Each structure stands twice: as C-alpha cells, then as structure tokens.
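Taking this note's numbering, the leading residue of the sequence shown gets 3, the next gets one more, and so forth. The beta carbon of each residue, even a glycine, is placed where N, CA and C say it ideally should be. All values derive from a computational prediction rather than experimental measurement. What follows is a set of notes on a single structure, which appears directly below.
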Amino acid sequence: MWPTVADPEFWVGLLKIIWINVVLSGDNAVVIAMAARSLRPDEQRRAIAWGSGFAVVLRIALTVVAVQLMALPMLQIVGGLLLLWIGTQLLAVEEETEEEAKTHHSLYAAIRTILIADLVMSLDNVIGVAAAAKGNLLLLSIGLGLSIPLVVFGSSLMIQLMTRFPIVISVGAALIGWVAGETLISDALVVNWIAPITWLHWAVPITCALLVVTSGKWLAWLFPKPSHTDIEPG
3 MWPTVADPEF WVGLLKIIWI NVVLSGDNAV VIAMAARSLR PDEQRRAIAW
53 GSGFAVVLRI ALTVVAVQLM ALPMLQIVGG LLLLWIGTQL LAVEEETEEE
103 AKTHHSLYAA IRTILIADLV MSLDNVIGVA AAAKGNLLLL SIGLGLSIPL
153 VVFGSSLMIQ LMTRFPIVIS VGAALIGWVA GETLISDALV VNWIAPITWL
203 HWAVPITCAL LVVTSGKWLA WLFPKPSHTD IEPG
C-alpha cells in the first residue's frame, strides 16, 4: 500500500527524491546553460524555460520505461556518443565574439540541443527518482516537478558564471564529456565486462572529458568564424 502524506515514509521518500534531483540535475543545467549562453538575454530565458520544461516532461515519460530502456544493449553507447558530439559542438563556439555567436546560433537550435542532451542525461535521474518513489505516483509527480526550479536556477547561475569566467565553459564541456564516458561504460552490452576492471570506471570518463575539450578547442581553431572586420565591403 502506498504511503499517504500523513505517513512519515512519504516524507522520507520525498526528501530522497529532492536530494537525488539536487545531485543529478546539475549536468542538465550545465547543458542548458552552454546551449543558451550565446543567445540574447530574452532568448536565454525562453531557452531555459523550454529546455527545463521539456527535461521534466522527458523524465516523466521515461519513468514508465526507464528500467526496460536501460537494459537495451547499445542504447547508452549511442547516447554517450551523442553527448560527446554535443559537448564538442557546444565548446567549438567558445571563441566567437558575443555578436557573432548571436548571429550563428538560434533559439530553436539551442532548444534542439537541450532536448537531445536531456533525453540522454535524464535516464540516471529517472532511475533514482523512480526507486525512491517506490511506485507512488503522487510522490513521483511531486519529485519530478521539483526538478524544474532546480534546473532553471542552476542553468541561470551557470550562464552568469560562464559570462564572467570563460574558463567555466571549458569546465562545463569537460563535465558533459565525463557524463558521456559514464554513460558509455554503463551500457548493458559492456557493463558486466567493465565492472571488475575498476580503473576503467574513472579512466573512460576522464578520457572522454579530455576528448571533448581538446576536440572542441581544435574545431574552434580549425574553423574560426570570420569577424566583421575580415569581411570587405563589396
């Protein structure tokens, strides 16, 4: 029988869900911030709102099939590779000036990037929340709803930090790479093989983090965006 709001077990479960959201919503906030940082302030707010809302909707939808999805071989490998690509692309625009970035990156492109990343990165949150809720739909709904302000606040804070301290952009890209590495080694196809090899548990995420940062910087150097001063009037 499900615990009611008058049952201490309900509040214990809710506290667990809040804590899980605090811990696991950080990576989603970083992706949203990196995708939205090049937009105009009004578009940043819209991207954060839409991205955060879609993140929660995705989590609710994934909750129903999360356990089955996690068991599918190759799914998390594909997801990890997608995150590597997303992290690299987000970092590759770091060298653009603010005016150039706003020209090359649209609100819809930012939301699309956020959606793809959220789809991959929400699985760990869904598994944790579903386990803490123990089948209580009310508890599950409240817990997932609470993740909205956490992601909104987190991504707004990250954008401010990225604007003031550009090094945070590289740190954020490295975090996306780290999560990609963790996703790759968690796939059902390889998890049993990797489990006893403890050094791979940190070596793969570190390698992926370095790969995203170096690839993103290299692409930014290889394909620099032309500045307005480089374009001669015709």
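Membership of Ser143 in the alpha helix (DSSP H) is indicated by the continuous run Leu139 to Arg166. With 16 or more neighbouring CB atoms inside 10 Å of its own CB, Ser157 falls in the buried class. Every alpha helix (DSSP H) of 4 residues or more that sits fully in the segment 11-39 is shown, in chain order, as 28-38. Nearest neighbour of Val131 by Cα position, chosen from Phe12, Ile22 and Glu11, turns out to be Ile22.
Note on Val67: under 16 other CB atoms within 10 angstroms of its CB, so exposed under the neighbour-count rule. For Ala94, the enclosing alpha helix (DSSP H) has its first and last residue at Leu77 to Ala94. Under the DSSP assignment, Pro207 falls in the alpha helix (DSSP H) whose first and last residues are Leu202 to Leu224. In its chain, beyond the 5 residues on either side, Gly218, Leu221 and Ala222 have a beta carbon closer than 7 Å to the beta carbon of Ala94. Here DSSP, grouped into helix, strand and coil, assigns Asp9 to coil.
The residues Met160, Gly174, Leu177 and Ile178, in chain order, have a CB closer than 7 Å to that of Val32 in the same chain once the five nearest residues on each side in sequence are set aside. In the structure shown, the three-state DSSP call for Leu177 is helix. Here Val58 carries a helix assignment [DSSP, helix/strand/coil].
By the neighbour-count criterion, in which 16 or more other beta carbons inside 10 Å mark a residue as buried, Ala112 falls on the buried side. A check of alpha carbon separations from Gly183 across Trp201, Gly55 and Met36 identifies Trp201 as the nearest. Boundaries of the alpha helix (DSSP H) around Val193: Val193 to Ile196. Excluding residues up to 5 positions away in sequence, Ile34, Ala38, Val154, Ser157 and Ser158 lie with their Cβ nearer than 7 Å to the Cβ of Ile50 in the same chain.
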